[in-house]
Amino acid sequence: MTVINSGFGGRGGSSDPRLPPGQTHVYDWPVLSTGPTPNVDESRWSFTITTEDQVAHRWNWSELQEVGVEDIVTDIHCVTHWSKLDMAWRGVPIDRLFEDVETSYDYVMVRSYGGYTTNLPLEDLLDGQAWVATEAEGEPLRPEHGGPARLLVPHLYFWKSAKWVRGMEMMPSDDPGFWEQNGYHLRGDPWREERYW
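Now the structure itself:
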């Protein structure tokens with residue numbers, strides 16, 4: 001298991017009430033990845049939601065943009081104790097992608113180009129809580145930050161916001177993804193410090 005960590009510019013103490021317990025406010029955007037950065041061109045990128053009946057709802061890059069892009073300003077919190085506040089993002093709400101998806105399952109396995117996976121309850125993705133993000137801080141997402149598209153689930157620790165996202169598969173139970181199999185918490189609520197099992 002290779003973990004790449006570059007750009008962590010140190011810790012600046014803060015008593016900001018937006019910081020969950022154990023977090024430190026940073027002004028840079030640290031890069032943490034497991035394994036190499038996949039090279040995914042927008043012309044080859046697609047996103048698929050697969051139901052328990054193996055019905056696949058698929059969008060290519062231009063079709064995703066047509067679903068409707070929103071501007072989001074939110075805080076992000078990494079399990080490695082840093083938080084970045086008031087980040088500007090653009091992305092497509094997960095709610096819109098699920099509008100025509102029929103499922104009775106309550107959990108999702110998120111899959112990324114490069115093989116990364118993370119599990120999420122469906123309720124953590126809906127009701128305006130999650131997006132397929134394509135821009136951050138006014139620029140297209142750079143590959144090291146998950147470009148061309150990553151999941152954005154800002155109310156959970158940032159490992160749940162899978163980089164290089166390519167799809168979701170509905171699951172009947174909360175089966176663990178990559179980091180969850182390696183000791184990270186199944187859900188990852190930063191306000192409860194759900195870092196590890």
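For the sequence shown, full-length UniProt numbering begins at 1 and goes up steadily by one.
All C-beta atoms, glycine included, are put in the ideal place defined by N, C-alpha and C.
- The residues Thr134, Gly147, Pro148, in chain order, have a CB closer than 8 Å to that of Pro140 in the same chain once the five nearest residues on each side in sequence are set aside.
- Judged by DSSP in its simplified three-state form, Ser43 adopts coil rather than helix or strand.
- Listed in chain order, the beta strand (DSSP E) runs fully inside the UniProt domain "Oxidoreductase molybdopterin-binding" (35 to 179) are 46 to 50, 56 to 60, 70 to 77, 82 to 93, 107 to 112, 117 to 121, 131 to 136, 150 to 152, 165 to 171, counting runs of at least 3 residues.
- For Ala130, the CB contacts under 6 Å within the same chain, skipping 5 residues up- and downstream, are Ile94, Val153 in chain order.
- In this structure, the alpha-carbon of Glu144 lies about 16 Å from that of Gly138.
- Between the C-alpha atoms of Pro21 and Glu70 there is a straight-line separation of about 29 Å.
- A buried status is given to Leu120, since no fewer than 16 other beta-carbon atoms sit within 10 Å of its beta-carbon.
- With fewer than 16 other beta carbons inside 10 angstroms of its own, Leu126 counts as exposed.
- As the crow flies, the alpha-carbon of Arg18 is around 25 Å from that of Trp179.
- Gly35 and Tyr113 have their C-alpha atoms roughly 11 Å apart.
- With respect to the C-alpha of Thr118, the residue from Ser83, Asn182, Val101 having the closest C-alpha is Asn182.
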